[in-house]
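J.:
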Amino acid sequence: MSLNKFAEPIPGNVTSIVSVEHISIRTNKQKESWYINTLNPNGRIPVLVDRNRPTTTGAEGFAVFETAAILLYLSQHYDPEHKLWFDVAKQPGDYSEMLQWIFFAVRFPFSLRADIGLTTFFSTVVSAPCKANVCKTNNSYDWQSLTSSPANHFNKFAPEDIPYAKKRQ
Amino acid sequence: MSTVTKAPFILYTEGTPNGKKVSVYLEELKSIYGDKVAYE
Chain A
1 MSLNKFAEPI PGNVTSIVSV EHISIRTNKQ KESWYINTLN PNGRIPVLVD
51 RNRPTTTGAE GFAVFETAAI LLYLSQHYDP EHKLWFDVAK QPGDYSEMLQ
101 WIFFAVRFPF SLRADIGLTT FFSTVVSAPC KANVCKTNNS YDWQSLTSSP
151 ANHFNKFAPE DIPYAKKRQ
Chain B
170 MSTVTKAPFI LYTEGTPNGK KVSVYLEELK SIYGDKVAYE
């Protein structure tokens with residue numbers, strides 16, 4: 001199976017167990033009051049609604065937001081044989097490692113492609129402008145060059161000088 | 170599962186990285202439990 005398949009919000013052959021509601025984040029559909037009131041007060045996607053658990057909140061079932069919470073919810077209730085996750089009582093070490101990687105994956109800015117993203121991050125954001133400005137010396141980065149490079153990611157998010165970063169070198 | 174039965178889940182999503190994670194996980198669950206994915 002090609003990973004490109006997942007470029008679509010959901011693969012077609014899962015439609016028997018899930019109805020997909022496309023939330024256009026470009027039009028801020030996830031910020032509309034019906035969504036915030038019944039699905040996710042934070043106004044973000046994705047949200048999973050479990051029709052097997054009726055609720056009185058206005059949603060068609062129990063609503064779960066936050067990706068990691070959704071994955072763990074699905075595991076807890078729908079993977080009783082522990083094929084995709086670990087038993088916290090019987091495999092506490094594996095369970096902890098699982099949590100560590102789940103939290104890493106959902107918090108890391110490059111999300112699903114964390115491993116690829118990390119490489120991409122350092123090759124395009126850190127290394128590339130450094131090569132252009134010859135700012136890498138003695139295996140440490142010149143933060144002035146880094147942050148002042150117009151093409152640099154850091155320039156957008158931390159445009160001011162960062163003296164402590166230079167000091168640490 | 171009959172065709173008139175509603176799918177057990179509704180996923181409000183888009184093709185974002187986090188949206189894909191849930192889609193992928195649902196696909197994995199189905200690959201193991203089939204359409205009999207059931208609440209426990």
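In order, the protein sequences belong to chains A and B. Here the first sequence is numbered in the working numbering, starting from 1 and rising by one per residue. Here the second sequence is numbered in the working numbering, starting from 170 and rising by one per residue. By construction, the Cβ of each residue, glycine as well, lies at the ideal position given by its N, Cα and C atoms.
Leaving out five residues before and five after Met98 of chain A in sequence, what residues of the same chain have Cβ atoms less than 7 Å from its Cβ?
T.: Contacts found: Trp85 and Phe86.
J.: So, is the C-beta of Ile17 of chain A closer than 9 Å to a C-beta in chain B?
T.: Chain B contact via Cβ: present.
J.: I'd like to know if Tyr95 of chain A contacts chain B, where contact means its C-beta is closer than 9 Å to some C-beta of that chain.
T.: No, its Cβ sits nowhere closer than 9 Å to a Cβ of chain B.
J.: How is the beta strand (DSSP E) around Tyr181 of chain B delimited, first residue to last?
T.: Run containing Tyr181 of chain B: Phe178 to Thr182, per the beta strand (DSSP E) assignment.
J.: Counting along the chain, where does the alpha helix (DSSP H) carrying Leu99 of chain A start and finish?
T.: Leu99 of chain A -> alpha helix (DSSP H) spans Pro92 to Arg107.
J.: Nearest chain B C-beta to Glu21 of chain A closer than 9 Å, yes or no?
T.: Judged by the 9 Å Cβ criterion, Glu21 of chain A is in contact with chain B.
J.: Name the chain B residues that come within less than 9 Å of Arg107 of chain A, Cβ to Cβ?
T.: Going along chain B, no residue has its Cβ under 9 Å from Arg107 of chain A, so there is no contact; the nearest lies around 11 Å.
J.: Can the beta-carbon of Tyr208 of chain B be found less than 9 Å from the beta-carbon of Leu39 of chain A?
T.: Contact: no.
J.: Between which two residues does the beta strand (DSSP E) carrying Ala22 of chain A extend?
T.: Reading the sequence as shown, one finds His at residue 22 of chain A and not Ala. Its beta strand (DSSP E) spans residues Val18 to His22.
J.: Under 9 Å between beta-carbons, which chain B residues line up against Lys183 of chain A? List them in chain order, please.
T.: Here chain A covers residues 1 to 169 and nothing more, so residue 183 of chain A does not appear.
J.: How would you write the range of the beta strand (DSSP E) that Ala89 of chain A sits in, first residue to last?
T.: That residue, Ala89 of chain A, is in no beta strand (DSSP E); it is neither H nor E in DSSP.
J.: By the 10 Å Cβ neighbour count, where 16 or more other Cβ atoms means buried, how is Glu81 of chain A classified, buried or exposed?
T.: It is exposed - the Cβ of Glu81 of chain A has fewer than 16 other Cβ atoms within 10 Å.
J.: Per DSSP, which one or two residues make a beta bridge with Asp50 of chain A?
T.: Bridge partners of Asp50 of chain A: A:Phe62 and B:Phe178.
J.: What do you get for Ile138 of chain B, buried or exposed, if any count of 16 or more other CB atoms within 10 angstroms of its CB means buried?
T.: The structure shown does not extend to residue 138 of chain B, since chain B is modelled only from 170 to 209, so the question has no answer here.
J.: By the three-class DSSP mapping on this structure, what secondary structure does His82 of chain A have?
T.: DSSP places His82 of chain A in coil when its eight states are reduced to three.
J.: Going along the region 26 to 44 of chain A in order, which residues come within less than 7 Å of chain B, judged by CB to CB distance?
T.: If the cut-off is 7 Å between Cβ atoms, the region 26 to 44 of chain A has Leu39 near chain B.
J.: Could you check if Arg44 of chain A is buried or exposed, using at least 16 other CB atoms within 10 Å of its CB as the buried criterion?
T.: The residue in question, Arg44 of chain A, is buried, as its Cβ has 16 or more Cβ neighbours within 10 Å.
J.: Any idea if Gly58 of chain A is buried or exposed, counting beta-carbon neighbours within 10 angstroms, 16 or more meaning buried?
T.: Exposed: under 16 other Cβ atoms inside 10 Å.
J.: Among the residues of its own chain, which have a CB less than 8 Å from the CB of Ile25 of chain A, if the five just before and after it don't count?
T.: Cβ neighbours of Ile25 of chain A beyond the five flanking positions: Ile45.
J.: Starting from Thr57 of chain A, find everything on chain B with Cβ-Cβ shorter than 8 Å and list it in chain order.
T.: Per Cβ cutoff of 8 Å: no residues; Thr57 of chain A is ~14 Å from chain B at best.
J.: Do you know whose CA, among B:Asp204, B:Thr174, B:Gly188 and B:Gly203, lies nearest Leu71 of chain A's CA?
T.: That would be B:Gly188, whose Cα lies nearest to the Cα of Leu71 of chain A.
J.: In or out: Lys199 of chain B buried (at least 16 other Cβ within 10 Å) or exposed?
T.: Buried, since its Cβ has 16 or more Cβ neighbours within 10 Å.
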